[in-house]
Structures are given as structure tokens and as C-alpha cells.
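One structure is given here, and the rest of the page talks about it.
In C-alpha cells, the structure reads:
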């Protein structure tokens, strides 16, 4: 065999002359986050979950008085409800399903073979999630304003803190589920959990309206803690210490377990 | 780089529980050369490659990749090599260019991704999500991801599986260009033709063991008394043919109507065979004189039974 470039090749001599090097971390993170965000926004089922259903619920809960018993002003309480739902949709269900299928299609193996560090792969996923959360907060908050929500500075500050803690707690649970279980199973579990927590997890129906001792249990779940906390602050109060503690504990514990169980194949 | 091999494997053993996937395997790959790991399914090819990439732990033996131990696939080493995993890998909903841009962003001085997409014929499916691409398109994207970072060493696991002939030749062109530009290429294949066309060195593995190693020329020359083949009417009486052949030659019928003469085939033997056929009133068709193909070597060494 000769060492010359074969004739008729579309690859000019010198095209592949080795010149390797690790790319800049900032650029890796930027491109990865952009890709994640783009994919989340392009996926119609994810959009249904993250934006359409929360929006419909915001309008419904605010305008249809018979639906659920909510304190006045209804729009403030409804906004708390749908922000909690939006965090669960994005952080948990959407993230878990996306990760489960990304793994099935060999993405993690593909990325593991590049120079991107593993922590950065996770950071990029969380970055994409944060971008979606930002869009949700802006859209839901904007529609809330149209429906008559009059925000106060303190309420906004508390609400943003809870949104961040909630997204982190649900995001850690989403990475835990999506990173460890078969994709088709992730799909079932993530949807069932979403549905159950929506109705009896303290999101649509407040904890104190749930039957029996369910309310006390629900306040220990990230769904209950986040929804109760958000409704409290948007109605002019402060979040209970327990709400904050519950969210932090879920986030830290699920995050630590996910770091151990996340599979790269 | 000097004469240090890009990949040096000595006495590699990989066991999964009771199963021995790789059994005392040695190989050397130098810069600017192509090494083909050739073997039937389940021979241990992918396991060997994954150990060299640093994604699989070895049980024993030594492995040096670009002068370093690849265990744990350290970032600095990953940056210098390009990997095409078997079956590719991407986000199911991602588009070709987006995926390639993401992989390119991991490298300091990547190739122009737009050019690579066009050259590999992927611009026609630019707007389709990855999961809607054909197997061949996914393969070509995976190959693009393996070379986009200008690596020194490229691992290609079954690079032409599920490609059509045009796609296969494009990949072969690319591998030859990598080699000409000084890149070391380690590829696995079960296609003899591919190993013969591309490789400087072929390592034939079976049951995790090296059963033969050398250049395609060396492998096809070893033990090869030359042979002659032809087609004619089935069921001829070969005892009569053997009478007219010189000492040391033997004839046989493989599939009905396909005959092989083993021995030193010179013009006299050739003439004797065709004349004998003519006397039988049959035409010796598709007469071929040649050495064994790599496929013959491969099948002789690994057996002829089918593997799943």
C-alpha cells in the first residue's frame, strides 16, 4: 500500500493531520446547554407537560371557582399551584424520560468518549433544565399578571427561592430515575408519579383538603412542600421552615444517590 | 511520537465471571497505520477495543495507549483519540449538525462541521431527528464524531456495518486518508474484504485468542500451495483427472460443479486440466488461479460453522 492520499478521495491530503486538544470548558458547557434547551423546546410532548398543561391549569383554577377550594386572591394561589407543577414536570418527569431515552440511544456512551468531563455532562443537562424553568416562570408569571396577579417584592423573592429549590429537588429525582432504569420503565414510572402527585401529592388539591392523614405525609414530599410553600408566599406569607428543609433534603439525598447510580451505558 | 506504538497490548485477559472474553491477546498499532481486528461475532473484538479506549477494565495484562495507561479514560487521553462506538450514539431527537457541533465543542481545534456533514453526504437528512436516520446515516454521523477533533488515534468498531456499497467506499476512503495523514486506526470488522482492502496489519481473533497476525499478504501467503478453481458440469469423475495431473496435485469438487485443484499450478497443469475437460466434452468455465483469499484463511482458522 502506498502512503499517498488515494485518488478521487473527497478528503484532501492533510485534512486529518492530528492536532488534538481539549476544548474550552465554557464552550463545552454553552453548546451542551444550548443543545439541551433546544431539544426540550422542540419536543412537543415535553412542551405539553412543561407549559401547556400548567397554563391551562392556571387559567382554569383562577377562573373556575367550583374546581378547587382556593383562598383569595385565587390567581395568587393558582400561580403557586402551577409553578409547583411546572417544576415537577420539567425537573422530574421530563428530565427522567429524556435521560432514559438518551441513554437508550447511546448518548451517554458517545459523550463519555469525548473530552467532556462527566460532571459537565450533568451540568449541561441541569443548564438546559434551568433555561426551561426560566421560560416557565416568565410565561406563567406573565399570564398570572394578565389574570390579575399583583406581585409584591418579598413574595417574588421567596417564590424564586422556592422555585430554585423545587427545581433542584425534582431535577435530582429525575436524574436518579432516568439514569438508573430502562427507558420504557422510566416512561411509565415518570408519568404515573406525575399524575399521582398532581392530584394527591399536594399540588392541585392543597394538603389540608386531602382525606385522613394524607395531608401530613404529603407535606414531606417535594410536591407538597413546594406547592404549599409557593401558595403561602404568593398569598403574602412566608414559607414554613419545614417546606425549605424538605426540598433541600430531597435534593441532596436524591442527588447523592443519583451520582452513584447514574449509568453511562 | 517516534517509534512508540500508538497502541501496545501485551497478554491482555478480560474475564466476566466464568467467561473469558479476551485470552492473552497481544497487538501493536503504530502511527499512520491501520490495524484490523478480524473475527466472528463474540470473538472479543469489541471488548479489546473498549479496554484500549479505557471504558472497560482488564483482568490482567498491560495496555499502553498513546504512551499512557487508558484505565478510567482520563480526559487528556480522550482528547487525543476518536471513538466510534458500535451502534453509534446521540440524542434521539437531535439533528446531525447539532450533534456534531456538540462533539466538536469538546475539542480545541475541530474540523469544520459543516464541511464534514456535506462530505459524508449527511446534508440530505440535516433536518431529521437522529432516531429517524437510516442505519447508514447514523453510522456516518458516528464516524464524523470520531474524527472531528483531529485525533491521533481512532477506534472504529464495525465502521461499515449497515452501510450500502457507496457508503462503505466513502468510509474506506476516509480511513485511507486518516492513515495517509498519520493517524493510527484500530478497526474491528468481520468483513474479510474490508480488512484486506484497508489494513496494514490484521489480527485474527477467535474465542478471545489471536489465531493469526500479520499483513494481509503474509496471512494469505502462509501455507498456501497455490490453487486453481473452475466451474464445469457437476459430478465429473475426478479419479480420471488425477491421472493426468503431475505428482503432488489433488482435485476435489466443493459445491456441485465447482472444482478445486490444489498444488503448484503452472501453465502445464492449467493446460492439462482444460484439455482433460475438453476431452470430457465439457467447458471449464471461470477458471481462476490464485492464492487463498483472506476469507479462506479466516474460515480455515475460525471454523466454518455459523455463529450467532
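Protein chains in written order, with this note's numbering: chain U, 2 to 266; chain B, 5 to 312. Don't be surprised by glycine CBs; every beta carbon is placed ideally from N, CA and C.
Top-ranked residue by Cα proximity to residue i, from the options
| i | options | result |
| --- | --- | --- |
| residue 101/B | 252/B, 152/B, 59/B, 32/B | 152/B |
| residue 113/B | 231/U, 118/U, 28/U | 28/U |
| residue 111/U | 270/B, 18/B, 59/B | 59/B |
| residue 192/U | 42/U, 89/U, 39/U, 107/U | 89/U |
| residue 286/B | 261/B, 269/B, 271/B, 302/B | 261/B |
| residue 164/B | 184/B, 189/B, 193/B, 270/B | 193/B |
| residue 219/B | 93/B, 232/B, 199/B, 175/B | 199/B |
| residue 244/B | 79/B, 258/B, 205/B, 284/B | 284/B |
| residue 292/B | 303/B, 266/B, 301/B, 29/B | 266/B |
| residue 181/U | 143/U, 253/U, 101/U | 101/U |
| residue 248/B | 281/B, 258/B, 238/B, 197/B | 281/B |
| residue 185/U | 143/U, 99/U, 125/U, 116/U | 99/U |
| residue 14/B | 64/B, 8/B, 257/B, 46/B | 64/B |
| residue 131/U | 116/U, 65/U, 114/U, 166/U | 166/U |
| residue 149/B | 173/B, 131/B, 119/B, 30/B | 119/B |
| residue 78/U | 23/U, 198/U, 205/U, 49/U | 205/U |
| residue 30/B | 303/B, 98/B, 214/B | 214/B |
| residue 73/B | 10/B, 222/B, 97/B, 123/B | 10/B |
| residue 196/B | 136/B, 302/B, 115/B, 142/B | 302/B |
| residue 98/B | 71/B, 145/B, 66/B | 145/B |
| residue 126/U | 15/U, 31/U, 254/U | 31/U |
| residue 227/U | 254/U, 120/U, 243/U, 14/U | 243/U |
| residue 63/U | 35/U, 120/U, 150/U, 156/U | 150/U |
| residue 49/B | 186/B, 143/B, 89/B, 230/B | 89/B |
| residue 22/U | 173/B, 62/B, 85/B, 134/B | 85/B |
| residue 7/B | 46/B, 28/B, 71/B | 71/B |
| residue 238/U | 69/U, 153/U, 122/U, 57/U | 153/U |
Close beta carbons around residue i, own chain, < 7 Å, minus the five adjacent residues each side
| i | result |
| --- | --- |
| residue 22/B | none |
| residue 225/U | 202, 203, 208, 219 |
| residue 184/B | none |
| residue 168/B | 140 |
| residue 37/B | 183, 188, 204, 205 |
| residue 231/U | 81, 84, 85, 160, 163 |
| residue 175/B | 147, 163, 164, 167 |
| residue 24/U | 116 |
| residue 68/B | 12 |
Proximal residues to residue i (C-beta, below 6 Å), its chain only, five neighbours per side dropped
| i | result |
| --- | --- |
| residue 241/U | none |
| residue 260/U | none |
| residue 97/U | 175, 178, 179, 187, 191 |
| residue 266/U | 110 |
| residue 159/B | 53, 57, 87, 190 |
| residue 93/U | 171, 174, 175 |
| residue 232/B | 265, 269, 293 |
| residue 5/U | In this prediction, residue 5/U scores a pLDDT of 48, lower than 50, which makes its location untrustworthy; the coordinate-derived value is nonetheless stated afterwards. Closer than 6 Å at Cβ, skipping near neighbours: no residue. |
| residue 312/B | Note that residue 312/B scores 45 on pLDDT, short of 50, meaning its location in the model is unreliable; the coordinates nonetheless yield the value given after this. Answer for residue 312/B: no residue qualifies. |
| residue 227/B | Since pLDDT at residue 227/B reaches only 49, below the 50 mark, its modelled position is unreliable, and the value read off the structure follows with that caveat. Closer than 6 Å at the Cβ level, and outside the excluded window around residue 227/B, lies no residue. |
Residue-chain proximity (residue i, chain C), Cβ-Cβ < 8 Å
| i | result |
| --- | --- |
| residue 45/U | Here the protein chains are U and B, and chain C is not one of them. |
Cβ-Cβ separation, residue j to residue i (assumed contact under 8 Å), whole Å
| i | j | result |
| --- | --- | --- |
| residue 235/U | residue 160/U | 6 Å |
| residue 171/U | residue 181/B | Not quite, the Cβ-Cβ distance comes to about 48 Å (not below 8 Å), so this is no contact. |
| residue 298/B | residue 224/B | 6 Å |
| residue 157/B | residue 179/B | With 8 Å as the limit, residue 157/B and residue 179/B do not qualify as a contact, their Cβ atoms being about 13 Å apart. |
| residue 222/U | residue 198/U | 7 Å |
| residue 91/U | residue 139/U | About 13 Å; that fails the 8 Å criterion. |
| residue 129/U | residue 34/U | 5 Å |
| residue 123/B | residue 11/U | 5 Å |
Proximal residues to residue i (C-beta, below 8 Å), its chain only, five neighbours per side dropped
| i | result |
| --- | --- |
| residue 105/B | 117 |
| residue 51/B | 18, 25, 26, 60, 212 |
| residue 235/B | 261, 262, 263, 288, 289, 290 |
| residue 111/B | 83, 152, 153, 154 |
| residue 60/U | 144, 148 |
| residue 253/B | 246, 265, 266, 267, 268, 273 |
beta-carbon residue i near the ligand PLP non-hydrogen atom, thresh 7 Å
| i | result |
| --- | --- |
| residue 273/B | By its list of ligands, the structure shown contains no ligand whatsoever, and the ligand PLP lies outside what it can speak to. |
Item to check | Runs of beta strand (DSSP E) wholly within the segment 150-182 of chain B (minimum 3 residues, chain order) | outcome: 157-161
Item to check | Contiguous beta strand (DSSP E) assignments of at least 3 residues, all confined to the segment 56-101 of chain B | outcome: 64-69, 85-88
Checklist entry - If you pair each beta-carbon of the segment 193-213 of chain B with each one of the segment 35-53 of chain B, do three or more pairs fall below 8 Å? => result yes
Checklist entry - At a cut of 8 Å, does the segment 38-47 of chain U reach the segment 52-69 of chain B through at least three beta carbon pairs? => result no
Item to check | alpha helix (DSSP H) runs contained entirely in the segment 44-100 of chain U, provided each spans 4 or more residues | outcome: 45-48, 54-64, 75-88
Checklist entry - Considering only residues of the segment 93-147 of chain U, which uninterrupted alpha helix (DSSP H) runs meet the minimum length of 4 residues and lie entirely inside it, listed in chain order? => result 96-105, 108-113, 119-147
Checklist entry - Quick check: the segment 98-118 of chain U against the segment 83-93 of chain B, are there 3 or more CB pairs under 8 Å? => result yes
Checklist entry - Which whole runs of the alpha helix (DSSP H) in the segment 227-274 of chain B are 4 residues long or more, in chain order? => result 242-248
Item to check | Given 8 Å, three or more beta-carbon pairs between the segment 75-82 of chain B and the segment 119-139 of chain B | outcome: no
Item to check | Complete runs of the alpha helix (DSSP H) confined to the segment 19-43 of chain U [at least 4 residues] | outcome: 26-43
Item to check | Secondary structure, alpha helix (DSSP H): runs of 4+ residues fully inside the segment 160-205 of chain U | outcome: 184-201
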